Structure formats: structure tokens, C-alpha cells
Amino acid sequence: MSSVTIYDAVIPVFIKGLKTFDHILNKAEEHAKANNVDANTYPEARLVEDQLPLTFQVQNATKTVKTNIARLTGVELEPFENKEKTIEDLHKRIQEALDLLSKVDAATVNAKADNEVDLPIFGGKVLKVTAKEAALSHGVPNFFFHLNAGYAILRSKGVPVGKADYLGSFLGQ
């Protein structure tokens with residue numbers, strides 16, 4: 002009987018989630034074209050006035066991926082620049098994160114899973130946890146928070162995305 006490794010529990014999940022984000026952005030572009038809407042109004046869209054926009058949701062989901070790659074491999078990565086303005090920019094940002102994930106070595110991740118890392122949390126506090134704990138208790142949930150927020154923002158703008166669009170990448174569709 003094989004067991005699930007930290008690599009198995011995190012890296013493929015990020016890949017599938019980013020593919021979902023890319024897919025719903027494609028659906029947004031299709032919806033905009035069909036309804037004579039400028040798709041580049043979507044990056045600044047929000048659910049409510051005091052929420053951060055779609056651009057931030059993509060930026061933070063991909064930042065979470067990059068941060069967790071660094072924690073799980075022990076390799077520091079240059080931060081993203083956060084200069085995305087258009088749907089095309091968001092697609093490129095997602096692709097950059099996917100490219101990073103495609104280079105992650107499973108053996109390295111699994112070997113470094115118990116290394117201690119810093120996990121900054123609310124109020125400026127920093128927890129000392131293992132890379133595995135950081136990924137499973139913060140990284141993956143935070144990633145899904147931003148993916149879900151992005152989905153909800155686009156849905157609120159009338160983009161016809163549904164459960165199949167959200168789960169399709171996870172189910173190999």
C-alpha cells in the first residue's frame with residue numbers, strides 16, 4: 002500500500018488549481034466577447050467595494066504557490082512583481098507559476114518536508130513550523146481562498162462558470 006507524500010498532497014493540487022483559475026479566466030474572456038464587454042474590466046472587479054480585486058486574487062494564489070515551493074524545496078525564489086493589469090497578464094502570471102511547479106522535484110520536497118520554516122501570520126506574529134505544516138495548514142487553504150474569491154468575482158459579473166468549471170481540472174477534464 003502506498004502512502005500519500007507531501008509532494009502528492011500539495012504540488013499536483015496547486016497545478017490543478019492554477020489550471021482551474023486559467024480556465025475560469027478563459028470563460029470570462031469568452032463571456033466578455035459574446036456580450037460585447039471589455040474583458041479587461043474584470044481584473045479590477047470585486048465582490049464588494051472593500052474587497053481586493055480579481056487581480057489580487059490571482060497574484061496572491063500564485064504568490065502562495067511560489068512561497069510554498071520555496072519552503073518545500075529550501076530554494077529562495079524571487080518574488081513576483083505584481084504588475085498585472087489585463088486578463089492576458091493574469092494568464093501569464095498563472096503560467097509562470099505552473100512553469101515553476103513543473104520543475105519541482107518530488108524527492109527534494111519529500112526530503113525537506115520536516116524542515117523548520119517561518120510562517121508569518123496575522124498581527125506580525127511568526128510561527129516556527131515544518132514546511133509540511135506550513136503547506137497543509139496555511140498554503141493550500143490560502144490558495145483555495147483566493148481561487149474561490151476569483152471564481153466568485155467572475156460569477157458575480159455574470160461569467161457562466163459552474164461546479165464543472167471549478168472541478169474539471171481536478172478531475173482531469
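Just remember that the working numbering sits 1 ahead of the position in the sequence shown, which is counted from 1. Glycine is no exception: its CB is placed at the ideal position from the N, C-alpha and C atoms. Just so it is clear, the structure is predicted and the values come from calculations on it, not from any experiment.
Taking residue i and residue j to be in contact with their CB atoms under 8 Å, please state how far apart those CB atoms are, rounded to whole angstroms.
i, j, result
"H1", "P161", "With the chain running from 2 to 174 in the structure shown, residue 1 is simply not present."
"V14", "V141", "6 Å"
"E45", "T63", "Actually they are not in contact, since the Cβ atoms of E45 and T63 sit about 18 Å apart, beyond 8 Å."
"I7", "A136", "7 Å"
"L73", "K104", "Not a contact, Cβ separation roughly 12 Å."
"A40", "I88", "5 Å"
"L19", "I95", "5 Å"
For residue i, list the residues DSSP reports as bridge partners.
i, result
"N82", "This sequence places Glu at residue 82; Asn is not what is there. In the DSSP output, where bridge partners are listed per residue, E82 has none listed."
"L128", "L120"
Buried or exposed, going by whether 16 or more other CB atoms sit within 10 Å of the CB of residue i?
i, result
"N36", "exposed"
"P121", "exposed"
"E82", "exposed"
"V5", "exposed"
"Q155", "Rather than Gln, the amino acid found at residue 155 in this sequence is Leu. With 16 or more Cβ atoms within 10 Å of its Cβ, L155 is classed as buried."
"F123", "exposed"
"E134", "buried"
"V127", "exposed"
"A98", "buried"
"V110", "buried"
"V49", "exposed"
Could you tell me the boundaries of the alpha helix (DSSP H) in which residue i lies?
i, result
"S157", "141–157"
"Q58", "55–74"
"A107", "107–113"
"F22", "7–35"
"D166", "164–168"
"Q96", "88–103"
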